[in-house]
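Accompanying notes for the structure given below.
Numbering (our numbering), first residue to last: 18 to 213.
Below is the structure:
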């Protein structure tokens, strides 16, 4: 299972077919579920926007920000800002789920320990999702680069002229057009847990 969210009320992306196949391989042991994704609730909202994209109407305050700081092609109040989806979770699961299932079967065949097998597969899944983030996509699907508007807004942030609460370390990746890499927080927030 993959999950975006800090608790059961979080936003989930579920691949139940994979769990069914794993259950058949493991057999009659006590049921365990491995969840992997953004388990930190504070990061989960951002991760959800990245995963699925968003559209937002530009407020008057935002339009003034664009004008004051000379951001090129500022949207007018009432205009629209759009972030295209960058499905770091769904794309990784689609590309890697068969490998994870095969790995689980091999580990379980050697250890007969479902919890250990799930933990090792969880570690691999976390690494694969982080690799997707750091690579700007999977081998099958590359994510859209940052737009000029985003680059201009990040340049303003890095000069300390905006109301950004981030430290200078958090804006160190502001000059690259590579998506999902600004602070590294998203990648660091990927984790797994096993539930009985």
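Where is the CB? At the ideal position from N, CA and C, for every residue including glycine.
**Study point:** Nearest candidate by alpha-carbon position, reference residue 135, set 158, 117 and 164
**Key:** 117
Review point. Helix, strand or coil: which one does DSSP assign to residue 195?
Key: coil
Review point. How should residue 119 be labelled, buried or exposed, when 16 other C-beta atoms within 10 angstroms of its C-beta is the threshold for buried?
Key: exposed
**Study point:** Length at least 4, wholly inside the stretch 44 to 122: the alpha helix (DSSP H) runs in chain order
**Key:** Within the stretch 44 to 122, the complete alpha helix (DSSP H) runs of at least 4 residues are 58 to 69 and 77 to 85.
**Study point:** Alpha-carbon to alpha-carbon, residue 123 and residue 105
**Key:** 26 Å
**Study point:** Through-space distance from residue 85 to residue 53, alpha-carbon basis
**Key:** 42 Å
Exercise for review: Just mark residue 157 as buried or exposed, buried being the case when its beta carbon has 16 or more other beta carbons within 10 Å.
Suggested key: exposed
Review point. Can the beta-carbon of residue 204 be found closer than 7 Å to that of residue 163?
Key: no
Check your understanding: Can you tell which of 65, 130 and 206 has the C-alpha that lies nearest to the C-alpha of residue 143?
Key -> 206
Check your understanding: How about residue 58 and residue 211: are their beta carbons less than 7 Å apart?
Key -> No; because the gap between Cβ atoms is not below 7 Å, this pair is not in contact.
Practice item. Apply the 10 Å Cβ neighbour rule to residue 61 and answer buried if 16 or more other Cβ atoms are within range, or exposed otherwise. Key: buried
Exercise for review: Would you mind working out which of 155, 139, 169 and 195 sits nearest residue 83, comparing C-alpha positions?
Suggested key: 169
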